[in-house]
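Under my numbering, think of the first position of the sequence shown as 5, with each following residue one higher.
Virtual Cβ for every residue (Gly too), placed ideally from N, Cα, C.
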Amino acid sequence: MVGERGWRKAATATLFLAPSLVPLALFTLGPMVASFGLSFLRWDLIRPARPVGLANYSGVLADPDFHAAVLHTAFFIAGYLPLVYVGGLVIALGLNQRLRGLAVFRSIYFLPVVTSWVVVALVWKWLLNPDDGIVNYLLSLVGIQGPGWWTDPAWAMPSIILASAWKDLGFVMVILLAGLQAIPEDYYEAAAVDGAGRWARFRSITLPLLSPASFFVLVISLINSFQVFDQIWVMTNGGPAGASSVVVEQIVKHAFSYGQMGYAAAMSWILFAAILGVTLVQFRLQQRWVTYG
Numbered sequence: 005m006v007g008e009r010g011w012r013k014a015a016t017a018t019l020f021l022a023p024s025l026v027p028l029a030l031f032t033l034g035p036m037v038a039s040f041g042l043s044f045l046r047w048d049l050i051r052p053a054r055p056v057g058l059a060n061y062s063g064v065l066a067d068p069d070f071h072a073a074v075l076h077t078a079f080f081i082a083g084y085l086p087l088v089y090v091g092g093l094v095i096a097l098g099l100n101q102r103l104r105g106l107a108v109f110r111s112i113y114f115l116p117v118v119t120s121w122v123v124v125a126l127v128w129k130w131l132l133n134p135d136d137g138i139v140n141y142l143l144s145l146v147g148i149q150g151p152g153w154w155t156d157p158a159w160a161m162p163s164i165i166l167a168s169a170w171k172d173l174g175f176v177m178v179i180l181l182a183g184l185q186a187i188p189e190d191y192y193e194a195a196a197v198d199g200a201g202r203w204a205r206f207r208s209i210t211l212p213l214l215s216p217a218s219f220f221v222l223v224i225s226l227i228n229s230f231q232v233f234d235q236i237w238v239m240t241n242g243g244p245a246g247a248s249s250v251v252v253e254q255i256v257k258h259a260f261s262y263g264q265m266g267y268a269a270a271m272s273w274i275l276f277a278a279i280l281g282v283t284l285v286q287f288r289l290q291q292r293w294v295t296y297g
């Protein structure tokens, strides 16, 4: 049984945590519970809500637009995740040196992370403008005719992937750089004495000991990838011809454009279940490749 001292500690901890627990309950946990109840209702924000059982969930699972959004989201993840991880790792390796001005370079690479997505998306929409954008202009200087980028159904999602990876490279770089700096130099010196080359040291020392940081980056990046929205809403609004429509964009449109709040809530919980399932699989598989200590 918990004694008086234990209850006193719990009360003290609750008191100190209250400033953060109250907003969490009001603005996160409360809306989550409300959205779950809403997913079993039909409500258009005007007329009274009425229960429909599992009709919203069955409707979402049979919706071809939702199927297309899932495929587009998967395409985004497949392109974004390797690009942002490999790019962040390359930058982290480059900055993990004893050179002057490294702090400045680290700040420069991290600056896009703290920049508003609306600003970043507008800048990239201008850079990738097929008519007067800088990217296509630079390509024309070497004799390459640039694609239509966000105006072309075939290039809309690659445009989103490119902008997203550029913005998030700094976050991945910081995490991986911290992991690199935590690896003792003694390991590299011992490997060099044994005749191991640079690639052998990277493969046998850096990658295994960097795996905890890599695991964290992959989990966070994958969760964020499932929820991609801001850049798509600003750059393409799901177009052209639905080529960049993703799950969260569908949720927002069904909720606030079509007035189908229950349908959107059901879609949100299906997305939540997918994210939870993939994350649990990642934690299960980490035992096979993540090295701690």
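* CB of G266 within 8 Å of CB of R51, strictly -> Stepping through the sequence shown from its first residue, residue 266 is reached at position 262. Stepping through the sequence shown from its first residue, residue 51 is reached at position 47. Cβ distance not < 8 Å, so G266 and R51 don't count as in contact.
* **Three-state class that DSSP yields for P55 in the structure shown** => Mapped onto the sequence shown, residue 55 falls at position 51. Here P55 sits in strand by DSSP.
* Could you check the C-alpha separation between S248 and T77 for me, to the nearest Å? => Walking along the sequence shown from the start, residue 248 turns up at place 244. Walking along the sequence shown from the start, residue 77 turns up at place 73. When rounded, the separation of the alpha-carbon atoms in S248 and T77 is 8 Å.
* Alpha carbon to alpha carbon, how far is W154 from G243? -> Here residue 154 refers to the residue found at position 150 of the sequence shown. Here residue 243 refers to the residue found at position 239 of the sequence shown. Each residue's Cα considered, the two are about 8 Å apart.
* To do: Please check the pair V252 and V282, which I expect to be a contact at CB under 8 Å, by giving their CB distance rounded to whole angstroms.
  => Start at 1 with the first residue of the sequence shown, and residue 252 comes out as number 248. Start at 1 with the first residue of the sequence shown, and residue 282 comes out as number 278. Rounded to the nearest angstrom, the Cβ distance from V252 to V282 is 15 Å, too far for a contact under 8 Å.
* Could you give the DSSP three-state label for R104: helix, strand or coil? => For the purposes of this step, residue 104 is identified with residue 100 of the sequence shown, where counting begins at 1. Assignment of R104 by DSSP, reduced to helix, strand and coil, places it in the coil class.
* **When I209, V256, V139, L65 are compared against D190, the one with the closest alpha-carbon** => Along the sequence shown, read from residue 1 onward, the residue named residue 190 stands at position 186. D190 has its Cα closest to that of I209, out of I209, V256, V139, L65.
* Please go through the segment 192 to 275 and give each complete alpha helix (DSSP H) segment of 4 or more residues, from N-terminal end onward. => For the alpha helix (DSSP H) assignment, the uninterrupted runs of no fewer than 4 residues enclosed by the segment 192 to 275 are, from N- to C-terminal side, 202 to 205, 211 to 230, 234 to 239, 251 to 256.
* Are V88 and D234 touching if we call contact CB-CB under 8 Å? -> For this step, residue 88 is matched to residue 84 along the sequence shown. For this step, residue 234 is matched to residue 230 along the sequence shown. No, they are not a contact pair.
* **As assigned by DSSP and simplified to three states, the class of L115** => Along the sequence shown, one-based indexing puts residue 115 at 111. Here L115 sits in helix by DSSP.
* For M161, which residues of its own chain have a beta-carbon under 8 Å away from its beta-carbon, when the five flanking residues on both sides are left out? -> One-based indexing of the sequence shown puts residue 161 at position 157. Excluding the 5 residues flanking it on each side, M161 has same chain C-beta neighbours closer than 8 Å at H76, F79, F80, G83, A247, S248, in chain order.
* For R46, which residues does DSSP report across the bridge? -> Sequence index remark: in the sequence shown, residue 46 carries index 42 (1-based). R46 pairs with R54.
* Are the Cβ atoms of F219 and Q290 separated by less than 8 Å? -> To locate residue 219, count along the sequence shown from 1; it is residue 215. To locate residue 290, count along the sequence shown from 1; it is residue 286. Cβ distance < 8 Å, so F219 and Q290 count as in contact.
* Over the uninterrupted alpha helix (DSSP H) stretch that includes D67, give me the two end residues. => Within the sequence shown, the letter at position 63 stands for residue 67. From DSSP, D67 is part of no alpha helix (DSSP H); its letter is neither H nor E.
* Asked: Applying the criterion that 16 or more other CB atoms from any shown protein chain within 10 Å of the CB defines a buried residue, is N241 buried or exposed?
  -> Translated into positions along the sequence shown, residue 241 becomes position 237. Counting Cβ neighbours within 10 Å, N241 comes out exposed, since fewer than 16 surround it.
* To do: Specify the secondary structure class of V294 as computed by DSSP and reduced to three states.
  => Here residue 294 refers to the residue found at position 290 of the sequence shown. When DSSP states are grouped into helix, strand and coil, V294 belongs to the coil group.
* Reduced DSSP category for A73 - H, G, I as helix; E, B as strand; rest coil -> The count along the sequence shown starts at 1 and reaches residue 73 at position 69. Of the three classes helix, strand and coil, the one that applies to A73 here is helix, per DSSP.
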